[in-house]
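Working notes, structure below.
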RNA sequence: GCUCCGUUAGUGAAGUGGUUAACACGCAAGAUUCUCAUUCUUGAAGCACGGGUUCGACCCCCGUACGGAGUACCA
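Residue numbers (my numbering): 126 to 676.
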């Protein structure tokens with residue numbers, strides 16, 4: 126068999142040599158130890174947490190080492206490609222603030238190692254395939270889908286390993302005449318790699334996350350070029366990551382199974398493989414079976430990145446939470462350094478979980494409360510405004526009507542050592558503060574159990590006469606005590622608890638009556654501040670409204 | 001079927017050949033606060049199972065079970 130002849134017969138249009146292409150991708154000039162990572166999503170129109178999870182690892186590894194983080198669009202499967210898919214990818218990452226140094230952008234490519242869309246690299250891949258073929262390491266395969274299915278069925282029946290290998294690799298050593306005959310007929314064909322691997326052999330692999338392990342050598346003649354002339358992931362990965370100078374490949378552990386194929390291809394090409402970091406699968410609890418399982422794009426649309434934006438999770442919260450999943454010592458670091466930017470954290474793949482990570486909403490919310498509590502009122506205001514504009518236009522109108530007013534509300538209990546942590550999502554803002562807007566003020570005037578409506582009215586009347594915008598929290602509470610005393614309520618909690626029968630209630634009840642009148646509910650932030658923000662007029666109005674309702 | 005990976009409280013997770021097996025979320029109780037939100041204290045709850053190696057194993061080895069992934073002209 127003349128392999129040169131075969132290669133020329135199949136790839137007459139490929140005139141470049143591998144050397145010429147290699148020359149276009151010079152070694153990157155980077156400082157010692159700098160890592161080059163890449164994000165390689167497919168434009169399927171769907172981005173999920175797993176993508177972000179991996180991207181965060183990529184981004185941290187690169188930028189922490191002074192390296193490069195780039196975006197490569199892996200659009201080798203036309204069937205799954207979705208219109209606007211690239212836009213979805215770029216939007217998703219930019220909204221989470223993960224900056225790519227180079228790669229595909231909406232305006233085209235940025236950087237010297239492109240093109241960064243695999244669909245535009247057909248000639249490059251084919252050049253290397255042709256070269257492989259000349260060396261007898263690749264061959265065309267004309268097996269049809271039906272033939273492959275039959276092969277599989279036979280293997281199942283015989284309880285043999287599935288796949289295209291050994292005696293099943295029927296096109297592996299066909300004479301040129303057979304090939305020529307199929308070509309004449311115009312039969313579609315793929316190109317397969319000629320594997321010399323043996324499943325009796327084990328390969329040692331040291332994974333950045335999983336550590337040392339042994340995998341079985343690959344004996345399958347995998348497809349490297351599909352019938353449309355576009356490579357499979359396996360081949361594109363090897364060619365691109367070599368040419369583009371990737372030093373660390375971060376990908377999901379589902380790729381572990383094909384690692385032997387990739388290692389084999391690197392070897393055949395005469396290239397040094399990158400380091401690999403296989404991340405644990407992001408899991409969820411299946412609602413039906415109650416068991417853990419890999420999150421699925423089809424079944425779990427709620428795990429799309431867009432879901433979290435719609436629900437109103439701050440992007441920073443999602444990132445912080447993912448970081449806690451990624452590196453278990455992150456939380457500890459965050460407690461010690463509450464003010465530092467996340468990127469100051471020394472991220473390490475060694476601290477990553479080797480088993481699955483289950484995404485938990487409760488934990489996310491906890492992280493989010495802390496994240497939001499660290500923001501200023503202005504920042505929170507801007508975020509809620511942006512969120513509600515998209516997702517709750519009615520509330521947006523109210524919320525932004527008087528920015529100073531709204532921000533004053535948001536400023537209550539903010540800053541200081543023990544900040545309030547009322548908000549986990551931007552959507553929490555509405556129930557938290559809606560009583561501050563007259564349009565949304567829907568009071569529930571149910572008084573505490575042992576406070577009669579008459580008492581309540583009397584308390585309110587007295588308070589109405591005493592209230593002053595000049596009050597401080599201290600003077601306000603003094604007034605509460607005074608009213609309590611005048612009505613036979615205990616002024617001290619302790620005194621009341623010791624002898625509850627001696628009082629009609631306690632100062633807490635008095636405050637509660639005022640709170641219910643002003644806020645229309647039993648829990649609200651600091652009343653004195655709330656009243657200052659509402660203004661004298663509305664305080665009086667609300668007290669009157671409550672008294673009327675109780676009459 | 002075959003290959004590979006995994007298994008520490010409800011969840012995430014640290015960790016070591018000899019420990020009272022961290023920590024966080026959640027849960028429960030209590031304290032503080034006029035309510036709530038905070039904050040603090042305390043509590044319940046764990047090394048999948050069976051062998052072996054060893055003076056000693058959660059940790060090392062071998063099985064079993066369970067879970068996951070892959071086994072495509074998808075990535």
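Positions of the beta carbon are idealized from the N, C-alpha and C atoms, including for glycine.
Residue i CB to nearest heavy atom of the ligand FMN below 7 Å
i	result
residue 256	The ligand FMN is not among the ligands present in this structure, which contains no ligands whatsoever.
Span of the alpha helix (DSSP H), counted from its first residue to its last, around residue i
i	result
residue 635	632 to 644
residue 148	143 to 148
residue 265	First-last for residue 265: 263 to 266, but that is the beta strand (DSSP E), not the alpha helix (DSSP H).
residue 655	652 to 659
residue 277	270 to 283
residue 601	598 to 611
residue 391	384 to 394
residue 140	Note, residue 140: premise wrong, no alpha helix (DSSP H); not H, not E.
residue 456	455 to 461
residue 443	440 to 451
residue 550	Looking at the DSSP string, residue 550 is not in any alpha helix (DSSP H), and its letter there is neither H nor E.
residue 253	247 to 259
residue 213	210 to 220
Own chain, CB closer than 6 Å to residue i, minus 5 neighbours either side, in chain order
i	result
residue 557	547
residue 539	502
residue 582	672, 675
residue 364	250, 253
residue 521	513, 514
residue 565	559
residue 606	616, 632
Whole-angstrom C-beta distance between residue j and residue i, which should lie under 8 Å
i	j	result
residue 304	residue 388	The Cβ separation is near 29 Å, so there is no contact.
residue 314	residue 267	5 Å
residue 596	residue 614	Actually they are not in contact, since the Cβ atoms of residue 596 and residue 614 sit about 20 Å apart, beyond 8 Å.
residue 498	residue 442	In fact, because the Cβ distance is near 11 Å, the residues do not count as touching under 8 Å.
residue 297	residue 319	7 Å
residue 483	residue 408	5 Å
Strand pairing of residue i, partner residues [DSSP]
i	result
residue 193	161
residue 237	In the DSSP output, where bridge partners are listed per residue, residue 237 has none listed.
residue 328	340
residue 431	According to DSSP, which records beta bridges pairwise, residue 431 is partnered with nothing at all.
residue 227	195
residue 539	Per DSSP, none; premise fails for residue 539.
residue 400	373
residue 348	317
residue 614	630
residue 173	429
residue 242	198
residue 300	DSSP lists no partner for residue 300.
residue 518	In the DSSP output, where bridge partners are listed per residue, residue 518 has none listed.
residue 356	350
Nonlocal neighbours in the same chain, by C-beta distance under 7 Å from residue i, ignoring five residues either side
i	result
residue 276	293
residue 330	338, 340, 384
residue 143	252, 253, 256
residue 653	596, 598, 601
residue 335	403, 479
residue 146	249, 252
residue 381	403
residue 429	171, 172, 173
residue 678	Summary: the structure shown does not reach residue 678, with the chain confined to residues 126 through 676, and so no result is reported for it.
residue 447	177, 178, 181
residue 532	502, 503, 506
residue 184	194, 223
residue 554	509, 548
Range of the contiguous beta strand (DSSP E) that encloses residue i
i	result
residue 377	373 to 377
residue 584	That residue, residue 584, is in no beta strand (DSSP E); its alpha helix (DSSP H) goes 578 to 591.
residue 318	315 to 318
Cβ neighbours of residue i in the same chain (closer than 8 Å, five flanking residues each side left out)
i	result
residue 215	196, 229, 230, 231
residue 155	161, 191, 192, 193
residue 128	258, 259, 260, 261
Would you call the segment 130 to 140 in contact with the segment 248 to 264, where contact means no fewer than 3 C-beta pairs closer than 8 Å? Enough Cβ pairs lie closer than 8 Å, so yes.
Is the segment 193 to 208 touching the segment 223 to 239, taking contact as three or more C-beta pairs under 8 Å? Touching, yes.
Is the segment 431 to 443 touching the segment 497 to 517, taking contact as three or more C-beta pairs under 8 Å? In this structure the segment 431 to 443 lies against the segment 497 to 517, because at least three pairs of beta carbons, one per stretch, are closer than 8 Å.
Within the chosen definition, does the segment 470 to 490 reach the segment 498 to 515 through at least 3 CB pairs nearer than 8 Å? Contact between the segment 470 to 490 and the segment 498 to 515 is absent: fewer than three C-beta pairs spanning the two stretches fall below 8 Å.
Counting pairs of Cβ atoms below 8 Å between the segment 524 to 534 and the segment 610 to 625, do you hit three or more? The answer is no - the segment 610 to 625 does not touch the segment 524 to 534, with fewer than three Cβ pairs under 8 Å.
Does the structure place the segment 499 to 508 close enough to the segment 449 to 461 that three or more beta carbon pairs sit under 8 Å? With the cut-off at 8 Å, the segment 449 to 461 and the segment 499 to 508 do not touch.
Examine the Cβ distances between the segment 153 to 171 and the segment 205 to 215 and report whether three or more of them are shorter than 8 Å. Touching, yes.
Tell me whether the segment 389 to 403 and the segment 217 to 225 touch, counting them as touching only if at least three CB pairs, one residue from each stretch, are closer than 8 Å. They do not touch, by the three-pair rule.
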